[in-house]
Amino acid sequence: MGRRSIENSRRRRYLRENRKNNHYFKSFILVIISIAIVIILGLYLKSLKLIDTNKIENGIKLNGEIVGSVAKEIVNEQLVKMPIKKEILISFAGDFTLGTDDKFSYEGSLPAAFVSNGKNYSYFMKNVANIFNKDDYTLVNLETTLTNSNVKAAKDGDVYYNFKGPKEYAKILTSSSIEGVTIANNHIYDYGEEGIKDTISTLKENKVDICGEGYKIIKDIKGVKFGFLGYTGWESSDKLKTKIANDIKELRKQGAKVVIPYFHWGIEREYEPCDVQKNLARFSIDNGADAVIGSHPHVIQSVENYKGKLIAYSMGNFCFGGNANPPDKRTFILQFKAHIQDDKLANFEYKVIPAMISSRNDKNDYVPTLASGENRINILNTLNQLSPSLKGNINDEFFSLN
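Position one of the sequence shown corresponds to residue 211 (our numbering), numbered consecutively onward.
Rendered as structure tokens:
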């Protein structure tokens, strides 16, 4: 009996030690698995920019604090090593004259097209809306007033125009994912102070961002701040240059990682930019702009590589109610793909999307349409011929500046 008791005692001690060892082994495995889970989760959340390293808590408590402290150290070390990369796509287009001059015939006008197509706000952008819907932000030149006023501003010269559209035409923009406009142009005062006040209040009511005439856009896009400015550039005066430089600095102070001015300038129907355009564009880049966009000449103009940054002097008309059948219907959408790394602009890629301001060749139906066939080739060839500093690289596939 004594010998049997001793054996039983040994057996019980062995089982207890075995269970204890198994417990330690299982705890060790749990520690390893927990660390792995925390690391994987941390990396995944960081890729979505949903993690803040300052908010990682002490972690999982298992057999003490070792898992949490080790995991935190490992996750922090991995997060420091991983660059945060983002791609942000911005689209620009030219002149949007969403209205008409009452001296024009109603037949064949933009308002007549609106009525004949069932007062459908999305009618005008139906052939390009897919592009604007897929980007992250779209900015265009609104070259009209949106007002009910009938009091025209006095203008000099034998030939002049006063453009306006009803206030509800702001929905032409919003129905097609156009988020921002510049109102810095020669038609925003066509109906005096009442006209511009009505236009601004209407755009605000419809949640359309505004730059120009004292307004600046600073927009958070995917967690990155973009700044857009609008100017009329009829002369390269010191006063205007000082304002441009100060505005760029102000947007940088507000956290803008990308700043792009949009100018209304140049000489109508001229395919080459004038000296004033070149001077203002290059000055803007020398003072911190990341690119420069332009409009007003009603035709496309050259694109320039200036110190590794892009200047598009004129994109031409786009949805243009100012002419029922302009002889040159060529235009383009300019897209910028911003590559952001660690919250800074690393570089841009660019795409020129050739288009016509009308879906018809015989008249303006006010429906901008992507160019195809000979029209597409003609637009790209013309831009490359006008733009020697781009070395023939202008294309409707993304390209970089050399």
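Glycine residues also receive a C-beta, built at the ideal position from the N, C-alpha and C atoms.
According to the Cβ coordinates, are residue i and residue j closer than 9 Å?
i      : j      : result
Ser569 : Val577 : yes
Leu439 : Ile420 : no
Asp305 : Phe542 : no
Gly422 : Ile393 : yes
Lys429 : Ile550 : no
Phe436 : Ala455 : no
Asn372 : Ala380 : no
Phe558 : Ala499 : no
Asn489 : Ser446 : yes
Thr355 : Gly309 : yes
Ile341 : Ser385 : no
Val418 : Leu383 : yes
Tyr333 : Leu299 : no
Pro564 : Asp538 : no
Lys547 : Glu353 : no
Tyr472 : Asn351 : yes
Ala323 : Asp575 : yes
Val391 : Gly443 : no
Ile521 : Arg492 : yes
Ser359 : Ala534 : no
Asp311 : Gly526 : no
Gly424 : Val361 : no
Tyr481 : Leu596 : yes
Could you check what DSSP says for residue i in three-state terms: helix, strand or coil?
i      : result
Leu555 : strand
Thr310 : strand
Asp368 : coil
Asn497 : coil
Tyr316 : coil
Gly532 : coil
Tyr333 : helix
Lys265 : Legend: pLDDT at Lys265 = 40, less than 50; position of this residue unreliable, value from coordinates given subsequently. Looking at Lys265 - three-state DSSP - the assignment turns out to be helix.
Ala394 : coil
Leu260 : With a pLDDT of 43 at Leu260, under the threshold of 50, the modelled position of this residue cannot be trusted, and the question is left open.
Phe609 : strand
Ile458 : helix
Tyr481 : coil
Gly375 : strand
Asn489 : helix
Lys362 : coil
Lys519 : strand
Val469 : strand
Which residues does DSSP pair with residue i in a beta bridge?
i      : result
Ser155 : Outside the shown range of the chain, which is 211 to 612, sits residue 155, and nothing can be said about it.
His474 : Thr442, Ser505
Lys435 : Asp430
Val562 : Leu544
Thr579 : Met566
Asp419 : Gly390
Thr354 : None; Thr354 has no bridge partner.
Tyr399 : Tyr399 pairs with nothing; no bridge assigned.
Met525 : Ile510
Ile550 : Lys296, Leu555
Under 8 Å: does the beta carbon of residue i sit that close to some heavy atom of the ligand ATP?
i      : result
Lys488 : For the structure depicted, the ligand ATP is absent and the ligand set is empty, with no information on it obtainable.
Could you give the distance in angstroms between the alpha-carbon of residue i and the alpha-carbon of residue j?
i      : j      : result
Tyr399 : Glu584 : 39 Å
Thr307 : Lys519 : 29 Å
Lys329 : Phe608 : 36 Å
Arg479 : His508 : 6 Å
Ile510 : Ile604 : 13 Å
Leu555 : Val468 : 7 Å
Leu593 : Val513 : 7 Å
Asn327 : Ile470 : 36 Å
Lys313 : Pro376 : 16 Å
Ile567 : Leu590 : 16 Å
Thr579 : Asp366 : 35 Å
Asn416 : Pro293 : 37 Å
Leu320 : Ile406 : 20 Å
Lys517 : Val325 : 48 Å
Pro536 : Asp552 : 46 Å
Arg586 : Cys484 : 26 Å
Excluding the 5 residues flanking residue i on each side, which residues of the same chain have their C-beta closer than 7 Å to its C-beta?
i      : result
Asn515 : Ser599, Leu600, Leu611
Asn337 : Ser569, Val577, Pro578, Thr579, Leu580
Ile495 : Val502, Tyr516, Lys517, Lys519
Spatial neighbours of residue i within its chain, please: C-beta separation below 6 Å, excluding the five flanking residues on both sides.
i      : result
His506 : His474, Trp475, Gly476
Asn497 : Ala455, Ile458
Thr412 : Leu356, Lys377, Ala380
Leu450 : none
Gln464 : Ile428
Ile503 : Phe302, Tyr472, Ala522
Gly602 : Asn594
Could you confirm whether any beta carbon from chain D is found closer than 9 Å to the beta carbon of residue i?
i      : result
Asp311 : The chain labelled as chain D is not found in the depicted structure, where only one protein chain is given.
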